[in-house]
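Some notes on the structure that comes next.
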Amino acid sequence: MSGYGQFNTTADLGCEYTCGQCGVDTRLKSGEPIQCKECGYRILYKKRTKRVVQFEAR
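If you read the sequence shown in this note's numbering, its first letter stands for residue 147, the second for the next number, and so on.
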């Protein structure tokens with residue numbers, strides 16, 4: 147099989163955030179400081195997931 151063991155996981159990519167001040171999209175990995183890489187602002191908003199999220203209501 148070609149490509150065996152070569153896949154990207156969400157842990158490798160990190161999560162995508164938007165800066166609260168300058169609006170730049172930033173991708174942060176686990177352990178990185180929570181800070182915009184462009185302006186240094188420390189309030190980042192996590193982007194919504196692209197997966198379908200479904201809840202069971204009663």
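Every residue gets a Cβ at the ideal spot worked out from N, C-alpha and C, and that includes glycine.
All values derive from a computational prediction rather than experimental measurement.
I need the boundaries of the beta strand (DSSP E) containing residue i, first residue and last residue.
i: Cys165; result: Cys161 to Cys165
i: Arg173; result: Asp171 to Leu174
Tell me whether residue i is buried or exposed, calling it buried when 16 or more other Cβ atoms sit within 10 Å of its Cβ.
i: Leu190; result: buried
i: Cys168; result: exposed
i: Cys185; result: exposed
Spatial neighbours of residue i within its chain, please: C-beta separation below 6 Å, excluding the five flanking residues on both sides.
i: Lys175; result: Gly160
Using a threshold of 7 Å, state whether the C-beta atoms of residue i and residue j are closer than that.
i: Lys196; j: Glu162; result: no
Output needed for residue i: all residues of its chain with C-beta closer than 8 Å, excluding positions within five of it in sequence on either side, in chain order.
i: Tyr187; result: Cys165, Gly166, Gln167, Cys168 and Gln181
i: Arg173; result: Leu159, Gly160, Cys161, Glu162 and Tyr163
Using the C-alpha atoms, what's the distance from residue j back to residue i?
i: Lys183; j: Gly177; result: 15 Å
Can you give me the Cβ contacts of residue i inside the same chain, cut-off strictly under 7 Å, excluding the 5 residues immediately before and after it?
i: Asp171; result: Glu162 and Thr164
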